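**Student:**
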Amino acid sequence: MVDNTKQPQLNGAYYGPSIPPPSKTSHRPGRSHGGCGCCGCLFALIFKILITLIFIAGIVVLVFWLVFRPNKVKFHVTDATLTQFDLNTTTNTLYYDLSLNLTIRNPNKHIGIYYDRLDARVYYEDQRFAAESLTPFYQGHKNTTELGFVFKSHNIVSLNSEIAKYDSEKSSGSYSIDMKLYLTVRFKLRSVKTPKFKPKIECDLKVPLASNGSVSGSFETVRCGIDW
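Numbered according to the working numbering, the sequence shown spans residues 32 to 259.
#1: So, helix, strand or coil for CYS234, using DSSP?
#2: As a quick exercise: from ASP147, PHE218 and LEU149, pick the residue whose alpha carbon is nearest that of HIS172.
#3: Can you round the beta-carbon distance between ILE208 and VAL153 to whole angstroms, since I take them to be within the 8 Å contact cut?
#4: TYR126 and PHE182 - do their beta-carbons sit closer together than 8 Å?
#5: State yes or no: is the C-beta of SER247 within less than 8 Å of the C-beta of GLY204?
#6: What number of angstroms, rounded off, separates the C-alpha of LEU220 from the C-alpha of VAL94?
#7: Verify whether the separation of the beta carbon atoms of GLU156 and LYS196 is less than 8 Å.
#8: Given the structure, does ASP110 come close to the ligand PLP, in the sense that its CB is under 7 Å from one of the ligand's heavy atoms?
#9: How is GLY71 classed by DSSP in three states: helix, strand or coil?
#10: When DSSP labels each residue in this structure, what does ASP264 get in the three-state scheme?
#11: Residues in the same chain with beta-carbon distance under 6 Å from ASP235, minus the five sequence neighbours each way, listed in chain order, please.
#12: Between GLN170 and the rest of its own chain, which residues show a CB-CB distance below 6 Å, the 5 nearest in sequence each way excluded?
#13: Please report how far the alpha carbon of ALA75 lies from the alpha carbon of THR225, in whole angstroms.
#14: Contact check, VAL238 vs TYR206 under 8 Å by CB: the rounded distance?
#15: For the beta strand (DSSP E) that contains LYS183, what are its first and last residues?
#16: With respect to the beta strand (DSSP E) encompassing SER222, which residues constitute its N-terminal and C-terminal limits?
#17: May I ask which residues mark the beginning and end of the beta strand (DSSP E) holding LYS105?
#18: Around the C-beta of VAL223, are 16 or more other C-beta atoms found within 10 angstroms, so that it is buried, or is it exposed?
#19: Out of curiosity, what's the CA-to-CA distance linking LEU133 and GLY89?
#20: Taking the beta carbon of LEU81 as the centre, do at least 16 other beta carbons fall within 10 Å, making it buried, or is it exposed?
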């Protein structure tokens, strides 16, 4: 028996069951990298704040410097005693006995000074032959501080062509000696303290030799230069 039921005609192709449209997914901009974007923004904000604070601090220090002018501080060598300054040309050894008095005048009405480091070095013809470090101290406003240095020992120096000048000064009885002070200081205005500054103080001295109780000349007070 033959089934004569007619099949529906196809249009030349069969595509199978229909495919449902893709479901829509929500997308929020700025969330593709998870929390990394937020962390980056936070670090950038902190960096900008730090830069701003450093800039403001620099402006404050500059205004402080211009208004109160702490460079008014004055250094003087008021006295110098030299009882020995002998050079052994065979061994290039210098034997010395030198005492110096230094005064530091802080004329500022409202500014105190912390001397965190004070290193003194003594030179003859650019040859360092002695050094001494003092204990840190605080100097109040409108104050004069007196410091004493004693350099007594021997050291090797290389004068070479400067021997002629040494012989000349030995004949005159007065020697050209330089003292340099290397400082680390902070300024204080009430409860505010500045960052550290490292000025260098230079004192060019002409020191007469004292021998057998007699002095070949008198020492004159010297004002020292300041290099901030």
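We put the beta carbon where it would ideally sit given N, CA and C, even for glycine.
All of these numbers come straight from a predicted model, not from anything done at the bench.
**Tutor:** So, to answer that:
#1: strand
#2: PHE218
#3: 6 Å
#4: no
#5: yes
#6: 13 Å
#7: yes
#8: Among the ligands in the structure shown, none appear at all, so the ligand PLP cannot be discussed.
#9: helix
#10: Any answer about residue 264 is impossible in this case: the structure gives the chain only from 32 up to 259.
#11: ASP209
#12: ASN137, ILE144 and THR176
#13: 28 Å
#14: 5 Å
#15: 174-187
#16: Element bounds for SER222: n/a, residue is neither H nor E.
#17: 105-119
#18: exposed
#19: 32 Å
#20: exposed
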